[in-house]
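See below for the structure under consideration.
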Ligand SMILES: [Mg+2]
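Numbering (our numbering), first residue to last: 74 to 430.
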């Protein structure tokens, strides 16, 4: 799906989004899932074409024709494959959509969500200049967004944060470094403490926990882990060693709804608050993020965006809209409540595979 404007972060610039969609047909119902790992392995080691191949050649044959009564059942069938959470998530999401439909429930109710409205934030990538950023933040605060997230990378860093704080003394905002730094930059993160950031998201390497624990001991600002949390097991380890005080949950990165629920629950028990991230999915993938944002331990506005923020035309329908300032409303429809528009899907599909039990 082409983006309205390129999205620039510490790992590079994307002008389109590459998703892998899975449709599961069973018992007269069809469930849809979407995994959006980007075109290149720049956010994580996975990438869209690789996700498609492992789903086609390995994962789909493992589940075809099997009876799956729970998310854990599904994950057990996939457990012979190491890693590859984005690929597993595509199947897991489709299963949860199907499961919620088969129980005649909206997905957010099936997972014990607590409310049909959620708070969402406004995000800004690396921009051409500070004036553009300040205008964007002013517009977002006027629209009622309660928090702002700013991408942060070498060259768009401390000075940018200082200018934003001077211009908006009371703004709740945080930065996302997308793993661009190392412990050698600890002094810069200490300097950032004076700006009252809500958190610093993924300052160090995408697969690190230990250095994050060391950095967290040196700074007052809470660290939030995103890229590093790829499973319930490393979420547990991150909490045990004090690598973070927040965890960002994304269904793709964690291996699906099943895994996000496990991480959510263990964070809740440990007193570590969470919020929901996204990968610029279509409204189909975003709707799973929306459902997860209703969980009780979600304590910060989530990265779920109205379709028009990034897309002229959304692949899926209904498209997502704001429901009041900085809020979105969950669909009362059974399942995830969103599915691809057949014409858009045909137009945008580059490769597909069909399996029959
Ligand atoms: Mg992030």
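Beta carbons: idealized from backbone N, C-alpha and C, even for Gly.
The model shown is predicted, which means the values in this text are computed figures rather than measured ones.
Residues of the same chain with a CB within less than 7 Å of the CB of residue 115, apart from the 5 flanking positions on each side, are 84, 85 in chain order. For residue 237, the enclosing alpha helix (DSSP H) covers residues 231 to 240. The beta-carbon separation of residue 327 and residue 356, rounded to 20 Å, does not stay under the 8 Å limit for a contact.
Sequence-distant partners of residue 291 (beyond 5 residues in either direction) whose C-beta falls short of 7 Å from its own C-beta, in its chain, are 259, 263. Counting along the chain, residue 310 sits inside the alpha helix (DSSP H) bounded by residues 305 to 313. By the Cβ neighbour-count rule, residue 344 is exposed, with fewer than 16 other Cβ atoms within 10 Å of its own. Here DSSP, grouped into helix, strand and coil, assigns residue 329 to coil. Between ligand 1 and residue 287, a heavy atom-to-CB distance of less than 7 Å is absent. Residue 354 has its Cβ no nearer than 7 Å to any heavy atom of ligand 1. When the five nearest sequence neighbours on each side are left out, the beta carbons in the same chain lying within less than 7 Å of the beta carbon of residue 309 are those of 339, in order along the chain. Residue ranges of uninterrupted alpha helix (DSSP H) with 4 or more members, entirely inside the stretch 138 to 171 and ordered along the chain, are 144 to 151. For the 8 Å CB-CB criterion, residue 111 and residue 91 form a contact. Exposure of residue 416 is indicated by the presence of fewer than 16 other C-beta atoms within 10 angstroms of its C-beta. With distances taken between CA atoms, residue 197 lies nearest to 246 out of 246, 135, 241.
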